[in-house]
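Structure record follows, encoded as structure tokens.
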Amino acid sequence: MGSDQWEVISEERAFDVVEGDVRDFSAKEFKGVDLLAGGVPCPPFSKAGKQLG
433 MGSDQWEVIS EERAFDVVEG DVRDFSAKEF KGVDLLAGGV PCPPFSKAGK
483 QLG
């Protein structure tokens with residue numbers, strides 16, 4: 433995702449957005465967390481979608 437998309441997401445979401453390679457992920461800092469979810473970018477920001485936002 434580009435910087436414009438990250439700016440919109442950070443303004444619209446009350447939670448932290450973490451970008452990175454899941455292969456580099458370490459769960460050590462998330463002790464006590466019951467669920468960690470991740471996924472592909474939202475369709476409005478995806479280059480594969482119609483970007484109808």
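One gets our numbering by counting positions in the sequence shown from 1 and adding 432 to each. Positions of the beta carbon are idealized from the N, C-alpha and C atoms, including for glycine.
Contact under 8 Å by Cβ, residue i with residue j
| i | j | result |
| --- | --- | --- |
| G470 | V454 | yes |
Coil, strand or helix - residue i by DSSP
| i | result |
| --- | --- |
| K463 | coil |
| S435 | helix |
| E443 | helix |
| D448 | coil |
| D456 | helix |
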